[in-house]
Amino acid sequence: MWNMSLPWWEFVVRGALVYFFLLVILRITGKRNTGQLAPFDLVLLLVLSNAVQNSMNGGDNSVLGGIISATTLIALHYAVAYLTFRNKTLEKWIEGTPRTLIHNGVLNEKIMREELLTHHELGAALRAAGCGEIDHVHLATLENNGQITVSLRKAAN
Numbered sequence: 036m037w038n039m040s041l042p043w044w045e046f047v048v049r050g051a052l053v054y055f056f057l058l059v060i061l062r063i064t065g066k067r068n069t070g071q072l073a074p075f076d077l078v079l080l081l082v083l084s085n086a087v088q089n090s091m092n093g094g095d096n097s098v099l100g101g102i103i104s105a106t107t108l109i110a111l112h113y114a115v116a117y118l119t120f121r122n123k124t125l126e127k128w129i130e131g132t133p134r135t136l137i138h139n140g141v142l143n144e145k146i147m148r149e150e151l152l153t154h155h156e157l158g159a160a161l162r163a164a165g166c167g168e169i170d171h172v173h174l175a176t177l178e179n180n181g182q183i184t185v186s187l188r189k190a191a192n
């Protein structure tokens with residue numbers, strides 16, 4: 036239970052490698068994967084966590100090895116959060132920037148394709164904002180967290 040099959044530092048190195056690999060791969064796959072999870076997104080997340088487990092623990096199932104791996108991940112998460120707070124360039128690279136989907140009723144299809152965002156998903160966000168037509172939208176933005184925020188045009192007087 037407490038006897039580790041690997042030295043403590045190897046858990047730290049393995050955890051750090053997996054953490055940064057996942058950070059990069061999830062960043063590359065786009066904002067859509069980090070917003071609200073659809074069922075297939077949740078399945079991917081669960082399978083992904085299982086896939087990287089052995090690369091982090093090297094086959095060691097000791098309690099101490101698990102504690103070291105978890106502590107490494109939490110420390111790295113805190114460090115990345117602190118660094119992105121202090122460095123705006125790093126924040127932009129890790130968290131991304133919001134993307135404008137609709138501006139003054141005009142849909143940007145290029146961004147929709149780049150973000151793998153379907154018209155159905157956009158339509159759901161518009162309906163949630165109380166909007167039935169793209170023409171009524173002043174600005175629709177895909178935020179860093181995958182959410183779509185919508186501001187409607189002012190009603191003509």
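Just so it is clear: in the sequence shown, position 154 is 189 by my numbering, and no numbers are missing.
We treat Cβ as the ideally placed atom computed from N, Cα and C, and that holds for glycine.
Cβ shell of residue i (< 8 angstroms), same chain only, five flanking positions each side left out
{"i": "L187", "result": "A164, G165, C166, H171, V172, H173"}
{"i": "L83", "result": "L57"}
Residues near residue i in its chain [Cβ-Cβ closer than 6 angstroms; skip 5 each side]
{"i": "V87", "result": "V53"}
{"i": "E126", "result": "T119"}
{"i": "M36", "result": "V98"}
{"i": "L41", "result": "G93, D95"}
Per-residue burial, residue i [other beta carbons within 10 Å of its own, 16 or more giving buried]
{"i": "R121", "result": "exposed"}
{"i": "R49", "result": "buried"}
{"i": "R134", "result": "buried"}
{"i": "T153", "result": "exposed"}
{"i": "I183", "result": "buried"}
{"i": "V185", "result": "buried"}
{"i": "N192", "result": "Reliability of the predicted coordinates at N192 is poor, the pLDDT of 42 falling under 50, and the value obtained from them is presented with this limitation in mind. N192 should be labelled exposed."}
{"i": "F46", "result": "buried"}
{"i": "L151", "result": "exposed"}
{"i": "I103", "result": "buried"}
Helix, strand or coil at residue i according to DSSP, with G and I counted as helix
{"i": "L151", "result": "coil"}
{"i": "N68", "result": "Since pLDDT at N68 reaches only 49, below the 50 mark, its modelled position is unreliable, and no value is offered."}
{"i": "G93", "result": "coil"}
{"i": "L118", "result": "helix"}
{"i": "A105", "result": "helix"}
{"i": "W37", "result": "coil"}
{"i": "G50", "result": "helix"}
{"i": "A163", "result": "helix"}
Those residues which DSSP pairs with residue i across a bridge
{"i": "V172", "result": "L187"}
{"i": "V141", "result": "H138"}
{"i": "L177", "result": "R134, I183"}
Close beta carbons around residue i, own chain, < 7 angstroms, minus the five adjacent residues each side
{"i": "E130", "result": "T119, N179"}
Legend entry - Three-pair Cβ contact test at 8 angstroms for the stretch 134-151 versus the stretch 170-180: yes
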